[in-house]
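Chains as they are written, first to last, in this note's numbering: chain E, 1 to 80; chain Z, 1 to 80; chain W, 1 to 80; chain P, 1 to 80. In this text, a Cβ means the ideal position worked out from N, Cα and C, and glycines have one as well.
Number of protein chains: 4
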Amino acid sequence: QSAHEFQSHRDSLTQKLQDTETRNQTLEAQLSDLEQRLEGSQLEREAFRTSLRSLLELLDTKIFELTELRDTLAKLIEGS
Amino acid sequence: QSAHEFQSHRDSLTQKLQDTETRNQTLEAQLSDLEQRLEGSQLEREAFRTSLRSLLELLDTKIFELTELRDTLAKLIEGS
Amino acid sequence: QSAHEFQSHRDSLTQKLQDTETRNQTLEAQLSDLEQRLEGSQLEREAFRTSLRSLLELLDTKIFELTELRDTLAKLIEGS
Amino acid sequence: QSAHEFQSHRDSLTQKLQDTETRNQTLEAQLSDLEQRLEGSQLEREAFRTSLRSLLELLDTKIFELTELRDTLAKLIEGS
Numbered sequence: 001q002s003a004h005e006f007q008s009h010r011d012s013l014t015q016k017l018q019d020t021e022t023r024n025q026t027l028e029a030q031l032s033d034l035e036q037r038l039e040g041s042q043l044e045r046e047a048f049r050t051s052l053r054s055l056l057e058l059l060d061t062k063i064f065e066l067t068e069l070r071d072t073l074a075k076l077i078e079g080s
Numbered sequence: 001q002s003a004h005e006f007q008s009h010r011d012s013l014t015q016k017l018q019d020t021e022t023r024n025q026t027l028e029a030q031l032s033d034l035e036q037r038l039e040g041s042q043l044e045r046e047a048f049r050t051s052l053r054s055l056l057e058l059l060d061t062k063i064f065e066l067t068e069l070r071d072t073l074a075k076l077i078e079g080s
Numbered sequence: 001q002s003a004h005e006f007q008s009h010r011d012s013l014t015q016k017l018q019d020t021e022t023r024n025q026t027l028e029a030q031l032s033d034l035e036q037r038l039e040g041s042q043l044e045r046e047a048f049r050t051s052l053r054s055l056l057e058l059l060d061t062k063i064f065e066l067t068e069l070r071d072t073l074a075k076l077i078e079g080s
Numbered sequence: 001q002s003a004h005e006f007q008s009h010r011d012s013l014t015q016k017l018q019d020t021e022t023r024n025q026t027l028e029a030q031l032s033d034l035e036q037r038l039e040g041s042q043l044e045r046e047a048f049r050t051s052l053r054s055l056l057e058l059l060d061t062k063i064f065e066l067t068e069l070r071d072t073l074a075k076l077i078e079g080s
């Protein structure tokens, strides 16, 4: 091969390498962004579930209080 | 005693007896009225209590349904 | 009429009057007893109704608290 | 430069390009995987929210039925 052909082939390789590295950086940025969104989504989901658990405890309390009210009514009906 | 005194005394007794019998009839009417009111009051009270028992059963159903809803929420929170 | 007949009639009237007065006293005692029972029954009924009114207020509070819980759940579902 | 140096430089570039392309494929696979997980997570979240909306409607119904029960009790107390 002539020196000119070597040179031309090397330039082509160098250009392709640069393009691939640029694409690489883009992919890594996208990946990092997606990972952050997934993590954010999981944190949000956990926070949501924690709020729902508080609500469930509150609902338990209300059901318990309605049951007490029910027992009071039953005693009133039978006792009077 | 003279016949006239006898006659007067007898008339007085007859009058008193009539008054007392009239009073008797009034009292019996009042007693009958009160007995009917007391019986009516007891029937009313029993009907009231029957209505309250229906309400109590309905409340039991509602508490049961709220408990089912609560269990569904608990499963949703843990299962998802 | 002979004096003896007058006497006999008078005794009969006196006896009847006494019986009627005794019956009167019995009726008045029964009436007084019934009046007290009716009054007691009305006081009891009023006390019962007062207890039921307290229960109704408690039920109002529980329904209000369940409605608040419902609103919190609605906000959680839409906001997250 | 000698022909040997050219050759050596070209080989080095070729190797580097291969490594970068391999890294690229790995990143694209990771990205695709993450995108699917994120999409799956959003579908799951939407299904969860749909279930919670059904639950909210059921809770509305129960609150409505408790309010009707409350009104029946109020009428019983005042009407009797």
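Query: To the nearest angstrom, report how far apart residue 19 of chain Z and residue 43 of chain W are at their CA atoms.; Result: 36 Å
Query: In the DSSP assignment, find the unbroken alpha helix (DSSP H) run with residue 51 of chain P in it and report its ends.; Result: 3-79
Query: So residue 9 of chain Z contacts chain W; which residues on that side make the cut at Cβ distance below 7 Å?; Result: 10
Query: Is it true that the stretch 12-30 of chain Z meets the stretch 18-37 of chain W, where meeting means three or more beta-carbon pairs spaced less than 8 Å apart?; Result: yes
Query: If you count every other CB in all the chains shown that lies within 10 Å of the CB of residue 62 of chain E, and 16 or more means buried, which is it?; Result: buried
Query: So, does the CB of residue 31 of chain Z fall closer than 8 Å to a CB anywhere in chain W?; Result: yes
Query: Whole angstroms are fine: how far does the CA of residue 65 of chain Z sit from the CA of residue 71 of chain E?; Result: 17 Å
Query: Would you call the CB atoms of residue 34 of chain Z and residue 35 of chain W closer than 8 Å?; Result: yes
Query: Nearest to residue 77 of chain W by CA position, among E:60, E:76, E:55, is which residue?; Result: E:55
Query: Would residue 58 of chain P and residue 58 of chain Z qualify as a contact pair, given that the criterion is a beta-carbon distance under 8 Å?; Result: no
Query: Are residue 31 of chain P and residue 30 of chain E closer than 8 Å when you measure CB to CB?; Result: yes
Query: So which residues of chain Z does residue 64 of chain W contact, with C-beta pairs closer than 8 Å?; Result: Within 8 Å Cβ-Cβ: nothing; residue 64 of chain W doesn't reach chain Z, min ~15 Å.
Query: Are the beta-carbon atoms of residue 10 of chain P and residue 9 of chain E separated by less than 8 Å?; Result: yes
Query: At a CB distance below 7 Å, what residues from the stretch 32-56 of chain W approach chain P? Give them in sequence order.; Result: 49, 52, 53, 56
Query: Using a Cβ cut-off of 8 Å, pull out every chain W residue sitting near residue 67 of chain P, in sequence order please.; Result: 63
Query: Check whether the Cβ atoms of residue 41 of chain Z and residue 51 of chain W lie closer than 8 Å to each other.; Result: no
Query: Would you please verify whether the beta carbon of residue 60 of chain E is less than 8 Å from any beta carbon of chain Z?; Result: yes
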